[in-house]
Amino acid sequence: MDDICNVVWAKLGSVPPKVQSISTVLIAVCFGLASITDDGWATAWLVLALASSAITVILALAAESRREALEDELKRLKSTHSELNRKHLQCASEMETAARQASDIKDEEWAKYVDHLCYDRLNILLHAISECFTSTITSERSANIKSARTAIVHATADLVGNSDQGTRANIFKLTEDDEGEVMLPEKYWGRGRKSVREFRPNSETFKAAKRKESRFVSVADPDDSDEKLDYETYLTYPIEDGTGQLYGLLTVDCLKAGELAIEPDRGKMSVLAAMLGLTYQAEGLRITSIST
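Residue numbers (our numbering): 79 to 370.
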């Protein structure tokens with residue numbers, strides 16, 4: 079019931095100002111007619127004037143409430159974007175330092191890899207995430223979030239693991255169905271087809287995610303699922319934001335054991351999962367009362 083009232087109040091607040099102007103004119107006309115007509119009609123015009131006055135007051139209060147809500151949301155968005163930009167600059171500085179160190183030790187292959195990792199992949203992803211927080215237009219922000227999330231999954235499949243036969247990255251979103259909490263596949267990139275697995279509270283992977291822990295399996299674990307897996311190794315990492323809210327799970331799997339390693343693959347997953355967490359945080363900050 080509260081949700082319905084909030085929706086109605088928001089709709090009233092978005093009524094164009096010209097409607098209030100028309101209502102004000104109507105009030106003046108009704109009072110004027112009430113003063114020049116006989117008693118019967120005067121009462122009717124007076125009632126209509128009072129009703130119009132009440133509607134005008136309600137519209138004015140709703141409009142003021144909407145304006146204050148939008149200002150508060152914009153302040154939160156600016157604060158979040160400012161903090162994200164600060165972290166972005168800090169991360170960019172650290173990446174530059176890593177690139178210089180690699181160059182200083184004369185390890186050309188490592189220097190090339192770090193340069194590719196920092197500038198061709200992570201830096202681009204940071205800019206994409208930043209765009210998720212900058213727009214106050216719902217449709218534009220949704221498009222930016224979808225684009226950033228897709229780019230992160232693509233990067234995960236490319237950067238994590240070492241497999242000539244292909245690596246697959248998946249996002250599993252935490253949601254609920256008739257049986258309770260479940261993590262369902264949302265987006266993927268890489269080898270083969272999208273995963274059809276479902277992680278429920280009785281699975282080891284789900285339990286690890288709830289503990290905010292990663293999980294590394296070098297050979298498919300029969301205790302984790304009754305279904306037969308077509309890959310031998312996988313690595314999972316929980317998707318959460320800076321507040322600790324869990325949104326789901328980022329996973330990578332390869333066909334053969336040994337194509338994934340705890341280090342450095344888990345470190346890469348931690349960064350990419352944190353980036354995904356930011357996209358979900360941006361989605362939650364969406365201004366629903368502005369649209370195109």
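Glycine included, every Cβ here is placed at the ideal spot set by N, Cα and C.
(request) Measure the Cβ-Cβ separation of LEU313 and ASP343 and say whether it is below 8 Å. (result) For the purposes of this step, residue 313 is taken as residue 235 along the sequence shown, with counting starting at 1. For the purposes of this step, residue 343 is taken as residue 265 along the sequence shown, with counting starting at 1. Contact flag set, yes.
(message) Give me the residue from ASN222, HIS232, SER281 and LYS334 with the minimum Cα distance to LEU356.
(response) In the sequence shown, residue 356 corresponds to position 278, counting from 1. Closest by alpha carbon: ASN222.
(message) Going by DSSP, what residue range makes up the beta strand (DSSP E) through LYS452?
(response) Since the first and last residues shown for the chain are 79 and 370, residue 452 lies out of range.
(request) Report the residue ranges of all beta strand (DSSP E) runs contained in full by the region 208-289; include only those spanning at least 3 residues, in chain order. (result) 245-255 and 258-268
(message) For the pair the region 213-229 and the region 334-348, tell me if three or more CB-CB distances fall below 8 Å.
(response) no
(request) In angstroms with no decimal places, state the Cα-to-Cα distance between GLU282 and GLY326. (result) As a working note, residue 282 is residue 204 in the sequence shown. As a working note, residue 326 is residue 248 in the sequence shown. So the two alpha carbons sit approximately 14 Å from each other.
(message) Please classify GLY345 as buried or exposed, where buried requires at least 16 other C-beta atoms within 10 Å of its C-beta.
(response) Counting from one through the sequence shown, the residue named residue 345 turns up at place 267. Looking at its Cβ environment, which holds fewer than 16 other Cβ atoms inside 10 Å, GLY345 is exposed.
(request) Within 10 angstroms of the Cβ of LEU139, are there 16 or more other Cβ atoms? Answer buried if so, exposed if not. (result) Taking the sequence shown and counting its residues from 1, one reaches residue 139 at position 61. Exposed, because fewer than 16 other Cβ atoms sit within 10 Å of the Cβ of LEU139.
(request) Taking 8 Å as the cut-off, decide whether the C-beta atoms of THR245 and GLY270 are in contact. (result) Position 167 of the sequence shown, counted from the start, is the residue given in the question as residue 245. Position 192 of the sequence shown, counted from the start, is the residue given in the question as residue 270. For THR245 and GLY270, no; Cβs fall outside 8 Å.
(request) State the start and end residues of the unbroken alpha helix (DSSP H) segment that holds ASP343. (result) The sequence position of residue 343 within the sequence shown is 265, counting from 1. 340-362 is the span of the alpha helix (DSSP H), which, as asked, contains ASP343.
(request) Just mark GLN323 as buried or exposed, buried being the case when its beta carbon has 16 or more other beta carbons within 10 Å. (result) By 1-based counting over the sequence shown, the position of residue 323 is 245. When all chains shown are included, GLN323 counts as exposed.
(request) Could you tell me whether the Cβ atoms of ASP229 and LEU203 are closer together than 8 Å? (result) Within the sequence shown, residue 229 is the residue found at index 151, counting from 1. Within the sequence shown, residue 203 is the residue found at index 125, counting from 1. Sequence check: residue 229 is Ala here, not Asp. Yes, Cβ-Cβ distance for ALA229 and LEU203 is below 8 Å.
(request) Determine the burial state of LEU162: buried for a count of at least 16 other Cβ atoms within 10 Å of its Cβ, exposed for fewer. (result) Position 84 of the sequence shown, counting from 1, holds the residue named residue 162. Classification of LEU162: buried, given that the 10 Å Cβ count is 16 or more.
(message) On the criterion of 16 or more Cβ atoms from any shown chain inside 10 Å, does LEU328 qualify as buried, or is it exposed?
(response) For the purposes of this step, residue 328 is identified with residue 250 of the sequence shown, where counting begins at 1. Buried, by the Cβ-count rule.
(message) Whole angstroms are fine: how far does the CA of TYR309 sit from the CA of GLY362?
(response) Residue mapping note: residue 362 aligns to position 284 of the sequence shown, counting from 1. Residue mapping note: residue 309 aligns to position 231 of the sequence shown, counting from 1. Answer to the nearest angstrom: the Cα atoms are 34 Å apart.
(message) For LYS285 and TYR315, I'd like the C-alpha separation in whole angstroms.
(response) By one-based count along the sequence shown, residue 285 stands at place 207. By one-based count along the sequence shown, residue 315 stands at place 237. Spanning the two alpha carbons is a distance of roughly 12 Å.
(request) Could you name the residues that DSSP lists as bridge partners for THR329? (result) Numbered from its first residue, the sequence shown carries residue 329 at position 251. DSSP output for THR329 lists ASN248 and THR314 as bridge partner(s).
(request) Quick one: give me the first and last residue of the beta strand (DSSP E) that VAL295 is part of. (result) Working through the sequence shown from its first residue, we reach residue 295 at position 217. Element bounds for VAL295: 293-295.
(request) Could you tell me which of ALA233, VAL238 and GLN168 sits nearest to LEU200, measuring between CA atoms? (result) Locating residue 200 in the sequence shown gives position 122, counting from the first residue. The shortest Cα separation from LEU200 among ALA233, VAL238 and GLN168 belongs to ALA233.
(message) Do VAL295 and THR311 have their beta-carbon atoms positioned less than 8 Å apart in this structure?
(response) Here residue 311 is taken as the residue at index 233 of the sequence shown, counted from 1. Here residue 295 is taken as the residue at index 217 of the sequence shown, counted from 1. In this structure, VAL295 lies closer than 8 Å to THR311 by Cβ.
(request) Would you kindly work out how many angstroms separate the C-alpha atoms of ILE207 and ALA335, rounded to a whole number? (result) Counting from 1 along the sequence shown, the entry for residue 207 is found at position 129. Counting from 1 along the sequence shown, the entry for residue 335 is found at position 257. Distance between the alpha carbons of ILE207 and ALA335 is about 33 Å.
(request) Go ahead and label ARG145 buried or exposed: buried means 16 or more other beta carbons lie within 10 angstroms of its beta carbon, across all protein chains shown. (result) The residue given as residue 145 occupies position 67 in the sequence shown. Exposed: under 16 other Cβ atoms inside 10 Å.
(request) Return yes when the Cβ of VAL260 is within less than 8 Å of the Cβ of GLU276, no when it is not. (result) By 1-based counting over the sequence shown, the position of residue 276 is 198. By 1-based counting over the sequence shown, the position of residue 260 is 182. Their beta carbons are under 8 Å apart, which means GLU276 touches VAL260 by this criterion.
(request) From the DSSP output, in three-state form, read off LEU162 for me. (result) In the sequence shown, the residue the question calls residue 162 occupies position 84. Helix, per DSSP.
(request) Inspect the beta-carbon positions of CYS210 and ALA352 and report whether they are closer than 8 Å. (result) Taking the sequence shown and counting its residues from 1, the one referred to as residue 210 is at position 132. Taking the sequence shown and counting its residues from 1, the one referred to as residue 352 is at position 274. Their beta carbons are not under 8 Å apart, which means CYS210 does not touch ALA352 by this criterion.
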